[in-house]
Amino acid sequence: MIPIKELAHKERDLIVSLRRHFHEYPELSHNEFATMDYIEARLHEWNIPTVRVPQGGIIATVDSGKPGWTALVRADIDALAIQEKENNLSSKKVVLSKTDGVMHACGHDGHMAMALTEAKILSDHKDAWTGKVLFVFEQAEEIGERGVSQILRYLHDHNIHVDMGYTTHVMWRLPAGKVGIVYDTAMAGAFFFNVTLHGYGGHGSRPDMANSPIEAFISIQNELRAYRMRAVAPEQSLTYSVGCVNAGSKANIIPSELSFAGTMRCTDNENGKAFRSFFLRTCTRIAEEYGCTAEFTEDQYIPVTFNNKELVDMARRAVVTQLGEDALDADCPMWMASETFAALQNIYPSVLFFTGIQSDKVGSGAPHHTPEFDLDEDGLEAGVGAALAYILTGLEEKPATPSFKAENLDTVLALLDAKHLGE
328 MIPIKELAHK
338 ERDLIVSLRR
348 HFHEYPELSH
358 NEFATMDYIE
368 ARLHEWNIPT
378 VRVPQGGIIA
388 TVDSGKPGWT
398 ALVRADIDAL
408 AIQEKENNLS
418 SKKVVLSKTD
428 GVMHACGHDG
438 HMAMALTEAK
448 ILSDHKDAWT
458 GKVLFVFEQA
468 EEIGERGVSQ
478 ILRYLHDHNI
488 HVDMGYTTHV
498 MWRLPAGKVG
508 IVYDTAMAGA
518 FFFNVTLHGY
528 GGHGSRPDMA
538 NSPIEAFISI
548 QNELRAYRMR
558 AVAPEQSLTY
568 SVGCVNAGSK
578 ANIIPSELSF
588 AGTMRCTDNE
598 NGKAFRSFFL
608 RTCTRIAEEY
618 GCTAEFTEDQ
628 YIPVTFNNKE
638 LVDMARRAVV
648 TQLGEDALDA
658 DCPMWMASET
668 FAALQNIYPS
678 VLFFTGIQSD
688 KVGSGAPHHT
698 PEFDLDEDGL
708 EAGVGAALAY
718 ILTGLEEKPA
728 TPSFKAENLD
738 TVLALLDAKH
748 LGE
């Protein structure tokens with residue numbers, strides 16, 4: 328096997344330059360056009376062929392030229408509508424966004440940098456391995472909209488077989504230089520909702536002559552908040568929150584509409600699906616009781632990110648063998664955030680790694696999706712090494728994955744695409 332740790336270190340300057348370029352020029356979901364142009368330009372520079380998947384992203388293929396397994400590596404590419412702050416937790420950042428109000432506040436700049444570097448290293452050493460590696464650069468992961476669905480459809484429609492999958496997410500609380508590989512549930516499932524309650528407005532002095540959507544919302548909220556206590560086992564995790572509520576304009580006017588949006592997170596798909604069903608029924612029923620109607624403008628479920636046991640066993644062993652025992656945080660906990668990679672995991676046996684980026688020296692360690700978010704670029708070098716250790720070991724050993732049970736593609740797409748109710 329190639330000297331993974333040494334090669335990752337040799338390409339450190341490339342990793343850093345790629346990450347800083349992406350950080351300076353972030354683009355929002357489904358507007359990642361310059362980002363994709365740059366990704367393709369670098370891949371073509373290394374003679375790696377690519378295809379564009381409309382509204383999905385890029386698929387690049389590194390082919391060893393020898394028969395064998397096919398691995399898939401996913402990196403997300405979109406940024407967030409956040410105004411970046413110049414300082415992290417303790418000092419001035421080394422690179423800042425040049426786009427006002429847009430920032431890579433979740434680490435996707437690092438994800439792209441690592442994946443591109445991995446592609447280059449594999450392409451430079453085709454003689455040392457067998458099979459193929461597909462590099463997927465996914466659009467719109469932050470909003471969970473269409474990107475992963477289009478990628479899955481493309482792979483299916485073009486009869487592209489995948490034996491094992493991989494992605495990583497940088498982790499704000501995990502020290503740089505460490506990777507975490509979690510058994511079973513690595514990240515939570517998520518249900519996103521956006522509901523408009525339509526009622527009948529009126530004068531504040533005569534609530535009896537109006538059908539207030541505010542009253543309906545209060546009742547809905549009370550019932551949903553009580554759901555966990557009576558429907559979810561105490562050893563399981565399920566959270567529910569409303570992030571925004573909009574209604575009314577004056578104290579003495581009962582509004583005719585109220586909209587609210589939020590999310591549910593869970594560590595068990597059956598609990599998540601049950602909550603989604605209960606949510607839809609409850610909103611519809613209570614709205615009717617108050618003389619209102621419920622319109623669902625967003626209704627989407629992203630499955631739990633569930634790591635394949637056999638691949639976790641192999642991945643942990645590969646990381647320790649290639650990078651040393653200190654590189655693996657064996658006790659890294661799962662994360663209650665969510666990942667569209669879970670959809671790929673439902674089709675192909677896969678593993679999600681956590682790549683540590685926290686450093687007191689650098690000042691990184693602010694939570695994701697905050698303007699202070701930053702990363703220690705040394706952590707990305709370890710991430711590249713860990714990914715290559717997993718990929719090359721898997722292609723060589725071709726591990727059996729008896730615990731994996733693939734979901735039907737249509738079932739996975741139905742959950743992801745439920746958001747687009749009119750399509």
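If you're matching positions, the sequence shown starts at 328 in the numbering used here and goes up one per residue. Just so you know, even glycine gets a beta-carbon here, dropped at the ideal spot from N, CA and C.
Inset, instruction - List the DSSP bridge partners of residue 419. - result: Taking the first residue of the sequence shown as 1, we reach residue 419 at position 92. Bridge partners of residue 419: 414.
Legend entry - Cβ shell of residue 709 (< 8 Å), same chain only, five flanking positions each side left out: Against the sequence shown, residue 709 aligns to sequence position 382. Counting only Cβ-Cβ distances below 8 Å, and skipping sequence neighbours, we find 335, 503, 504, 505, 506, 650, 654, 682 and 683.
Legend entry - Beta-carbon proximity list for residue 748, same chain, < 8 Å, skipping 5 on both sides: Taking the sequence shown and counting its residues from 1, the one referred to as residue 748 is at position 421. Unreliable placement is indicated for residue 748, whose pLDDT of 33 sits below 50; the coordinate value is still reported in the next sentence. Taken in chain order, the residues that qualify are 623, 624 and 626.
Legend entry - For residue 382 and residue 344, the rounded distance between their alpha carbons: Here residue 344 corresponds to residue number 17 of the sequence shown, with the count starting at 1. Here residue 382 corresponds to residue number 55 of the sequence shown, with the count starting at 1. Looking at the two C-alpha atoms, the distance is approximately 27 Å.
Inset, instruction - For my contact list, residue 587 and residue 522 are in at a C-beta cut-off of 8 Å; report their separation, rounded to the angstrom. - result: Translated into the one-based positions of the sequence shown, residue 587 becomes position 260. Translated into the one-based positions of the sequence shown, residue 522 becomes position 195. That pair is a contact at about 6 Å.
Legend entry - Buried versus exposed call for residue 750 [16 or more other C-beta atoms within 10 Å across all chains shown]: Within the sequence shown, the letter at position 423 stands for residue 750. Legend: pLDDT at residue 750 = 26, less than 50; position of this residue unreliable, value from coordinates given subsequently. Exposed.
Inset, instruction - Return the chain-ordered list of same chain residues with a C-beta closer than 7 Å to the C-beta of residue 350, the five sequence neighbours on each side being excluded. - result: Taking the first residue of the sequence shown as position 1, residue 350 is located at position 23. Around residue 350: 422, 424, 431 and 436.
Legend entry - Reference residue 661; option with closest CA among 647, 675, 652 and 679: Walking along the sequence shown from the start, residue 661 turns up at place 334. Of the listed residues, the one whose Cα sits closest to residue 661 is 679.
Legend entry - Nearest neighbour of residue 453, chosen from 340, 735, 719 and 602 [CA to CA]: The residue labelled residue 453 in the question sits at position 126 within the sequence shown. Residue 453 has its Cα closest to that of 719, out of 340, 735, 719 and 602.
Legend entry - Buried versus exposed call for residue 463 [16 or more other C-beta atoms within 10 Å across all chains shown]: Indexing the sequence shown from 1 puts residue 463 at position 136. Residue 463 comes out buried.
Legend entry - Segment limits, beta strand (DSSP E) that includes residue 511: Taking the sequence shown and counting its residues from 1, one reaches residue 511 at position 184. 511-514 is the extent of the beta strand (DSSP E) around residue 511.
Inset, instruction - Check whether the region 358-376 touches the region 733-741, counting contact only when three or more Cβ pairs, one atom from each stretch, lie closer than 8 Å. - result: Touching, no.
Inset, instruction - Measure the alpha-carbon distance for residue 743 versus residue 476 and round it to whole angstroms. - result: Mapped onto the sequence shown, residue 743 falls at position 416. Mapped onto the sequence shown, residue 476 falls at position 149. Distance between the alpha carbons of residue 743 and residue 476: 7 Å.
Legend entry - Status (buried if at least 16 other CB within 10 Å, exposed otherwise) for residue 754: This structure does not reach residue 754, given that the chain is present from 328 up to 750, and the question cannot be answered.
Inset, instruction - Tell me whether residue 691 is buried or exposed, calling it buried when 16 or more other Cβ atoms sit within 10 Å of its Cβ. - result: For this step, residue 691 is matched to residue 364 along the sequence shown. Label assigned to residue 691: buried.
Legend entry - Backbone CA spacing between residue 758 and residue 564 [nearest angstrom]: The shown model of the chain, from 328 to 750, leaves out residue 758, and the question about it has no answer.
Legend entry - Top-ranked residue by Cα proximity to residue 391, from 689, 459, 618 and 635: As a first step, residue 391 must be located in the sequence shown, where it is residue number 64. Answer by Cα proximity: 459.
Inset, instruction - Taking all protein chains shown into account, decide if residue 667 is buried (16 or more other Cβ within 10 angstroms of its Cβ) or exposed. - result: Position 340 of the sequence shown, counting from 1, holds the residue named residue 667. Classified as buried, residue 667 has 16 or more neighbouring CB atoms from the shown chains inside 10 Å of its CB.
Inset, instruction - Consult DSSP for residue 675 and reduce its assignment to one of helix, strand or coil. - result: Position 348 of the sequence shown, counting from 1, holds the residue named residue 675. Correct three-state label for residue 675: coil.
Inset, instruction - Can you check DSSP and say which residues form a bridge with residue 390? - result: Looking up residue 390 in the sequence shown gives position 63. Paired residues: 459.
Legend entry - Any 3 or more C-beta pairs closer than 8 Å across the region 594-601 and the region 513-522: yes
Legend entry - Secondary structure of residue 627, DSSP reduced to three states: Against the sequence shown, residue 627 aligns to sequence position 300. If DSSP states are grouped into helix, strand and coil, residue 627 belongs with the strands.
Inset, instruction - State the DSSP-derived secondary structure class of residue 724, mapped to helix, strand or coil. - result: The sequence position of residue 724 within the sequence shown is 397, counting from 1. Reduced to three states, the DSSP call for residue 724 is helix.
Legend entry - Neighbourhood of residue 529 by C-beta, 7 Å cutoff - its chain only, sequence neighbours within 5 removed: What you label residue 529 is simply residue 202 of the sequence shown in a count that begins at 1. If we look at residue 529 and ignore the five residues flanking it on each side, its Cβ neighbours are 536, 537 and 581.
Inset, instruction - Apply the 10 Å Cβ neighbour rule to residue 673 and answer buried if 16 or more other Cβ atoms are within range, or exposed otherwise. - result: Within the sequence shown, numbered from 1, the residue matching residue 673 stands at position 346. A buried status is given to residue 673, since no fewer than 16 other beta-carbon atoms sit within 10 Å of its beta-carbon.
Legend entry - Length of the line joining the Cα atoms of residue 419 and residue 448: On the sequence shown, position 92 is the one that residue 419 refers to. On the sequence shown, position 121 is the one that residue 448 refers to. For residue 419 and residue 448, the distance between alpha carbons rounds to 32 Å.
Inset, instruction - Tell me whether residue 338 is buried or exposed, calling it buried when 16 or more other Cβ atoms sit within 10 Å of its Cβ. - result: Numbered from its first residue, the sequence shown carries residue 338 at position 11. Residue 338 comes out buried.
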